[in-house]
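Read the structure below first, then the notes.
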Amino acid sequence: MPILGAHMSIAGGYEKAVDRAAQIGCDCLQIFTKPTTQWHAPPIYPDQACRFQQALQKYQLRHPYGHDSYLVNLASPKKSLWKKSIDAFVEELHRAERLGLRWLVFHPGAYVEGAAAEGIQRVIAALKEVFHQTEDLKVGGLVETTAGQGTMLGHCFEHLAEILAHCPTPERMGVCFDTCHVFAAGYPLWPRHAWEHTFQEFERIVGLGQIRAFHLNDSVRPCGSRVDRHAHIGQGEVGLAPFRWLLQDPRFQHVPMYLETPKGVRPDGQDWDQYNLALLRQLSEENM
Ligand SMILES: [Zn+2]
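With the working numbering applied, the sequence shown corresponds to residues 441 to 728, in that order.
Next comes the structure, spelled out in structure tokens:
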């Protein structure tokens with residue numbers, strides 16, 4: 441049985457994210473530790489972290505992961521923004537640690553100008569500094585596969601491999617594999633032989649063992665579009681079959697999988713996350 445959950449809002453308190461996740465039937469959840477459009481947020485007090493942990497225990501929710509803010513750009517060619525991003529990422533790791541999150545998912549960043557290779561070198565240098573400054577923490581970072589919109593790095597498996605290869609503390613780094621992003625980046629997920637080839641390529645270049653999380657999203661835009669637009673499961677260009685293959689793959693049964701599909705209520709009145717989770721569970725049990 442795969443471990444399934446969703447990204448949840450922290451509106452009203454961290455424990456509220458857990459309450460909501462439990463209500464819709466999550467096994468695991470991902471949160472932002474602060475508003476994603478702000479550089480700074482008030483500190484997390486011990487009682488807030490305690491209520492969050494108590495809620496996790498109450499509902500037996502596992503794998504609470506964090507996702508960093510969208511302002512952070514570890515690949516920025518602007519020295520001031522690059523430094524600000526390092527400071528913000530260090531702060532986010534501290535917030536995640538305080539809440540007891542094991543991993544913080546982050547995007548490699550956008551190189552904006554010049555060559556992609558230079559951007560990757562800036563990401564590597566930034567991560568060296570970040571991990572050096574946080575060597576007393578347990579929480580690690582998961583670099584996410586991206587759709588490669590604009591100058592965003594991480595749409596080639598080679599980008600991830602290079603970032604991982606230069607991380608000074610490999611035990612604190614891994615990968616978050618987003619199905620929408622990988623597909624939009626140009627790696628096909630169907631038909632079956634193409635799905636297998638994509639995962640063979642990931643194994644060869646990065647290593648499947650590096651995958652510590654999946655983001656389960658369908659894609660509004662086609663394979664190779666390099667546009668990042670999440671669709672509900674089975675309602676985009678990916679379709680249902682690749683999710684069935686992924687959910688039934690024995691190699692990924694221990695890797696938590698999080699929905700990041702649009703929130704809201706379906707025309708039939710059902711919560712979208714609840715619907716998508718039920719659909720994923722059904723796919724995980726269907727005969728192929
Ligand atoms: Zn994602």
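Here a beta-carbon is modelled for each residue, glycine too, at the ideal position from N, C-alpha and C.
For clarity, every value in this text was computed on a predicted model and none was experimentally measured.
For residue 617, the enclosing beta strand (DSSP E) stretches over residues 613 to 618. Taken through DSSP and simplified to helix, strand or coil, residue 694 comes out as coil.
Two segments are said to touch when three or more pairs of C-beta atoms, one from each, lie closer than 8 Å; by this definition the region 680 to 695 does not touch the region 659 to 667. By the Cβ-count criterion, residue 706 is exposed, with fewer than 16 other Cβ atoms from all chains shown falling within 10 Å of its own Cβ. Note: residue 543 is bridge-paired with 580 in the DSSP secondary-structure output. Residue 514 and residue 475 do not touch by the CB rule: their CB atoms are close to 20 Å apart, not below 8 Å.
Look at residue 656 here: in three-state DSSP terms it is strand. With respect to residue 587, residue 625 sits close: the two C-beta atoms are nearer than 9 Å. Contact annotation: the region 512 to 530 touches the region 547 to 566, with at least three C-beta pairs closer than 8 Å. Restricting attention to 594, 595, 536, the CA atom closest to the CA of residue 574 is found in 536. Taking the Cβ of residue 672 as the reference point, every heavy atom of ligand 1 lies at 8 Å or farther away.
At a threshold of 8 Å, residue 620 counts as near ligand 1, since its beta carbon sits closer than that to one of the ligand's heavy atoms. Annotation for residue 503: 468, 696 place their beta carbon closer than 6 Å to its own, counting only its chain and skipping 5 residues before and after. Inter-segment contact for the region 521 to 531 and the region 598 to 618 is absent: fewer than three beta-carbon pairs are separated by less than 8 Å. With a cutoff of 9 Å on beta-carbon distance, residue 623 and residue 654 are scored as not near each other. Burial state of residue 487 is exposed, judged by a 10 Å Cβ sphere holding fewer than 16 other Cβ atoms. Pairing residue 642 with residue 571 gives a Cβ-Cβ distance that is not under 9 Å. Per DSSP, reduced to three states, the secondary structure at residue 481 is coil, with no helix or strand assignment. Shown here, residue 610 sits in a helix according to DSSP, grouped into three states. Taking a contact as a CB-CB distance under 8 Å, the pair residue 489 and residue 538 counts as one, their CB atoms being some 5 Å apart. Here residue 687 is not near residue 717, since their CB atoms are 9 Å or more apart. For residue 447, the uninterrupted beta strand (DSSP E) segment begins and ends at 444 to 447. Bounds of the beta strand (DSSP E) holding residue 468 are 468 to 472.
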